[in-house]
Ligand code: AHG
Ligand code: MN
Ligand code: MN
Ligand code: MN
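In UniProt numbering, the protein residues as written are 1 to 337.
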């Protein structure tokens, strides 16, 4: 600990290199860090306190809300409202933009988050996460917020990251200058720099996809799957299939070991042609992180960071991970067009 950099120190050091930075960004980040610690505390007590199971509500995504989804959402909204750096925020769990209550200080940043990612894993004590994505509004601060202030393409993100509530609690993020990972030392309550300058291997040996849906896939998607089943054999050893069902955990493992995570579109529900994952609170932040670590993220063909969202909860197919693996997917889909 004596020699390790805390996440706050890292931010302050970084901020010196960004002349525009005002300190507001650090305040926003400090509230994210505090929220992460509060959520981690509750996650680690799951089973002892009443945070397991459903609330009985259905969210804007059409999903049954878990108690921990609601808890994490409440913590983030409460803490972030008070940081003085935000013009508004949005959450996977809320249909509309969340305004900053009157009387509280505001700023130019907009944050959108997935408060609790991997909800289906909560009750089984399997790793879950939180994802966040930060933008800066484009219109002047003293004018009314416009849709174009928050419906920005992923390449306009100022920062993006996730917190992984796993065997240890980690915070991984980028501000557009590489990716760093911090591990919570529970004895002092600080996130310490444990994974400086994370780089994803150019090629992986892991593919992550919910293969149970293969009945619903089109021919090119089946070809993509066939590729990952076969390709390992030409590399001496078959690829491993690893699928946790928590994007944060699947993504993090592939970032460290190399691999590709896929959530293709399918024809399960014609009203959701873009698959399940949300562009703004899931795909775009992961795409920013992976590109900063040397990887790629596409919807099969298009770069995720180039997509301009039409609405907050837009869904998008996602192929994210090691560069060569994501390029191969693009090759297969492009050939089929
Ligand atoms: P969330 O828990 O935030 O709704 O996200 C769940 C997502 C993502 O974490 C995961 O990769 C995916 O859903 C799993 O979906 P399937 O169960 O359809 O495979
Ligand atoms: Mn959900
Ligand atoms: Mn999620
Ligand atoms: Mn969620």
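The beta-carbon is built from N, C-alpha and C at its ideal position, and this holds for glycine as well. For clarity, every value in this text was computed on a predicted model and none was experimentally measured.
(request) Tell whether a beta-carbon distance below 9 Å holds between residue 58 and residue 65. (result) yes
(request) Mind checking who residue 369 pairs with in its DSSP beta bridge? (result) Here the chain covers residues 1 to 337 and nothing more, so residue 369 does not appear.
(request) Rounded to whole angstroms, what's the CA-CA distance from residue 155 to residue 291? Just pull it up for me. (result) 10 Å
(message) Threshold first: 3 residues or longer. Then list the beta strand (DSSP E) segments lying entirely within the stretch 102 to 181, N to C.
(response) 109 to 117, 128 to 136, 159 to 165 and 169 to 174
(request) Report yes if the CB atom of residue 43 is closer than 9 Å to the CB atom of residue 68, and no otherwise. (result) yes
(message) Between the stretch 294 to 307 and the stretch 319 to 337, can you find at least three pairs of beta-carbon atoms closer than 8 Å?
(response) yes
(message) Could you tell me the alpha carbon to alpha carbon distance between residue 38 and residue 121, rounded to whole angstroms?
(response) 19 Å
(request) Express the C-alpha separation of residue 129 and residue 117 in angstroms, rounding to a whole number. (result) 5 Å
(request) Apply the 10 Å Cβ neighbour rule to residue 96 and answer buried if 16 or more other Cβ atoms are within range, or exposed otherwise. (result) exposed
(message) Starting from residue 68, trace the alpha helix (DSSP H) in both directions and tell me its first and last residue.
(response) 67 to 81
(request) Counting only the same chain and skipping the five closest in sequence on each side, list residues whose C-beta sits under 8 Å from that of residue 45. (result) 51
(message) Considering only their Cβ atoms, is the gap separating residue 247 from residue 134 smaller than 9 Å?
(response) no
(request) Count the other C-beta atoms from every protein chain shown that fall within 10 angstroms of the C-beta of residue 262, then say buried if there are 16 or more, exposed otherwise. (result) buried
(request) Would you identify the three-state DSSP class for residue 263, choosing helix, strand or coil? (result) strand
(request) Along the beta strand (DSSP E) that carries residue 313, what are the first and last residues, could you check? (result) Segment: none, residue 313 is in no beta strand (DSSP E) and carries neither H nor E.
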